[in-house]
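The next block holds one structure in the form of structure tokens; read it before the comments.
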Amino acid sequence: MRGFQVITLFIIVLSVAQVLQAQSPYTLPELSYGYDALEPAIDARTMEIHHTKHHQGYVNNLNKAVEGTDAAAQTLEVLLGNISNYSVAVRNNGGGHYNHTLFWSVLTPEEETQPTDRLRKAVRAEFGSMESMIDQMNQAAATRFGSGWAWLSVDAGNRLFISSTPNQDNPLMDVVEERGTPILGIDVWEHAYYLQYQNKRGDYLKGIWDVINWDEVSKRYEASVPENIFEMWPELDQFHTVMSQTFHPSEEGDLDPIKNRSEEMKNAAKKLSDAGIPSELDAEEVRNAVADLVADSDKLHKMVQSEATDEELTKALSGLHDTFHLIVKTCHD
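For the sequence shown, the working numbering begins at 20 and goes up steadily by one.
This is the structure in structure tokens:
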């Protein structure tokens, strides 16, 4: 009888724990790989303790810290973006939860994942090469005194930058000097590597690049920096250049630019049409607008040749400008 009561009590306690966990706003994410999958870069015991003890601890403490407050209804990203309004417990544990969730996602046992061409191009533009970026990330991580993180992030101007933060801070937080959206984070708390590497943080940093998930890092970059329509459609960008350099002067009453470049605009419109619409942007409304752009550019050039009045040219150019922006708006929508 006593054994039955013990079992019953255990079931009740377990059920209550499951209900409380289900009601908690934040939960521990499952890993997409086994604890031993990242060996030899990161050993299984470190991964298990790191995930089930350290990360779980941040989740538990975060849920306690936000219980009964408006923070419990916020997404983690919104919470961190306004972290100056919340307690130190929310800052530390919210950061710990976000940072580790990102960390697990940018690791993989899959071999030879590669950055996308867009990410490579952005890295080369900021750091000269992938190798130079990795060196600078390692430097940021190696020189972070005590506990913290090294980050590759995207700033408000869509440029990549490298930074490091103490403790569980990250670039999303409004208390951090270098702010942005992290796309890659490296944990340099000792619990991330000490069982395997002891005090040799540099060896840990050297090995971790063997298990970086460049597919995920690229995906995060693409989400942070949606592809610019002009990058996808360079002929539209070329037309835009002629349009901006002729339309804006006309707003000030200067028609000389369009009088001198009407044939260039006509040719740019034809080139735009001949190149075809990128498949991602192809829609009937866009096709119709491109056809109008070609016809109206040709009409405007003929008006210039026939010495139409400035008022007539301004009206025609304004209509062409509206058609151009209809294409841009439709493609963005």
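Just so it is clear, CB atoms sit at the ideal spot from N, CA and C, and this is done for glycine as well.
Local conformation of residue i per DSSP, three classes
i	result
G115	helix
W170	strand
T328	coil
T200	strand
V125	coil
T367	No statement about residue 367 is possible, as the shown extent of the chain runs from 20 to 352 and does not include it.
G295	coil
D55	coil
S43	coil
T88	coil
N101	coil
A63	helix
S337	helix
L345	helix
E395	There is simply no residue 395 to check, as the chain begins at 20 and stops at 352 in what is shown.
D301	coil
H316	Note on residue identity: the sequence assigns Ser, not His, to residue 316. Note: S316 maps to helix in three-state DSSP.
D273	coil
L50	coil
S106	coil
Cβ neighbour criterion (16 or more within 10 Å) applied to residue i
i	result
A175	exposed
S337	exposed
A334	According to the sequence as given, residue 334 is Lys; it is not Ala. So K334 counts as exposed.
E235	buried
D301	exposed
T71	exposed
R220	buried
W228	exposed
N82	buried
N104	exposed
S325	exposed
D341	exposed
S183	buried
Q187	buried
G97	The sequence given here places Val at residue 97; Gly does not occur at that position. That one is exposed.
N232	buried
R178	exposed
G115	buried
H267	exposed
S363	This structure gives no information on residue 363, because the portion of the chain shown stretches from 20 to 352.
T88	exposed
G167	buried
Cut-off 7 Å between Cβ atoms - residues of its own chain near residue i, not counting five sequence neighbours on either side
i	result
N157	L224
Q75	L47
E331	M322
S316	M284, K285, A288, L339
S281	L319, H320, V323
D193	G100, N101, I102, S103
V313	A288, K289, S292
V347	I248
V85	P44, A91, V109
Q17	One cannot answer for residue 17 here, as it falls past the ends of the chain, which runs 20 to 352.
Residues near residue i by beta carbon distance below 6 Å, same chain, minus five either side
i	result
M152	V142, F146
N80	N112
Q40	Summary for Q40: the model assigns pLDDT 47, below 50, so the residue's position carries little reliability; its value from the coordinates is reported in the next sentence. None.
H344	none
M251	P297
C350	I248, L300
H73	H210
A56	P128
D222	Y216
Own chain residues within Cβ distance below 8 Å of residue i, not counting five before or after
i	result
Q257	A287, K290, L291
D311	T342
Contact with chain D by residue i, beta-carbon distance below 9 Å
i	result
D229	In summary, chain D is missing from the structure at hand, where a single protein chain is found.
Any non-hydrogen atom of the ligand GTP within 8 Å of residue i CB
i	result
A56	With respect to the ligand GTP, the structure shown offers nothing to examine, as it has no ligands at all.
message: Does the structure place the stretch 233-244 close enough to the stretch 170-187 that three or more beta carbon pairs sit under 8 Å?
response: yes
- prompt: In chain order, which continuous runs of the beta strand (DSSP E) of length 3 or greater are located wholly inside the stretch 127-177?
  reply: The qualifying runs are 167-173.
query: In chain order, which alpha helix (DSSP H) runs of at least 4 residues are fully inside the stretch 176-246?
result: 213-216, 220-227, 233-243
field: Inter-stretch contact (C-beta, 8 Å, three-pair minimum) for the stretch 195-209 and the stretch 114-134
entry: yes
query: Taking three-plus beta-carbon pairs below 8 Å as touching, is the stretch 259-270 in contact with the stretch 179-197?
result: no
task: Decide yes or no for the touch test of the stretch 123-134 against the stretch 48-63: beta carbon pairs closer than 8 Å, at least 3 of them.
output: yes
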